[in-house]
Structure formats: structure tokens, C-alpha cells
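Working notes for the structure below.
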Amino acid sequence: MAVEAFPLQPAEETGFVRPYALTGGRTKANHHLELETLISTRAAALLAVPDQIELQVIMEECRTPQSVAEIASRLRVPLGVARVLISDAADAGLVTVHRTVSGDEGAEAHLTLMERVLSGLRRL
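Its first residue numbered 74, the sequence shown is counted upward by one per residue in the numbering used here.
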């Protein structure tokens, strides 16, 4: 008696990919990326076409500088996944990670800027 093989198919096709599958399970970015860190596409990379669609989206979105939070929102992925993908794009030379003032680093300049903004708001 011969047994016919039936191809295994999922009960429901959703097209959903688990977010951490996009990063190969990696959760650590090579760059320190805050929520407000700005990312922009490098002019030299505009002709590059990365294999991973998410990196292509990051490059397209960052033609004008975007924050890490905005990129995560547009990709519809958790922040940790976005950080890893942005870090991958930066490592490949596709995007520039703009430096963010954090901690004690440049605290005096940061405070001066905040005072100027507050002063301007008061004048309104």
C-alpha cells in the first residue's frame, strides 16, 4: 500500500515576519542610538541598493534626517530592532549617525541651548 505525500502548508498564510527575524536574532546595535538620534542617508550611498528591504526603506526615509524613533515607527518594528537595522546600515556606509549630546558630554552647551529656547518661548 503506497502512502501519498502531501505538502505541508500552514493553516493560515499571514505574511508576518517576527521582528527579531529581521536582525537574525541580534539585539545589540554597534552604535549608541538614542530615541532622538538623527540618521541621514549618505550622498555617496544613494546609488547603493542593499539586499535587505528594511535597509532600503531606512535609506529612502532618511533622505531628510529622521530620528531613530521615527524610523522604528515607519518600519513598524520595535525600537530594539530598528536600532540594530540602523546600526547595520551605518556599518555598511549607507547612512550617517549624527552625534547626540548625552550625559555630561557637552552639558554646558546643552543647558545654554535650552535656556535660549525657554527665553524665546517666554517672548511669544
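Backbone N, C-alpha and C fix where the C-beta goes; we use that ideal spot for every residue, glycine too.
Taking C-alpha positions only, S140 is separated from V154 by approximately 14 Å. When the Cα atoms are used, P151 and L108 turn out to be separated by approximately 12 Å. Assigned with DSSP and collapsed to three states, V122 falls in coil, not helix or strand. In this structure H105 does not touch A163 by the C-beta definition: roughly 11 Å separates them, more than the 8 Å allowed. For A145, the closest of I159, R136, G193 and E133 by C-alpha to C-alpha distance is I159.
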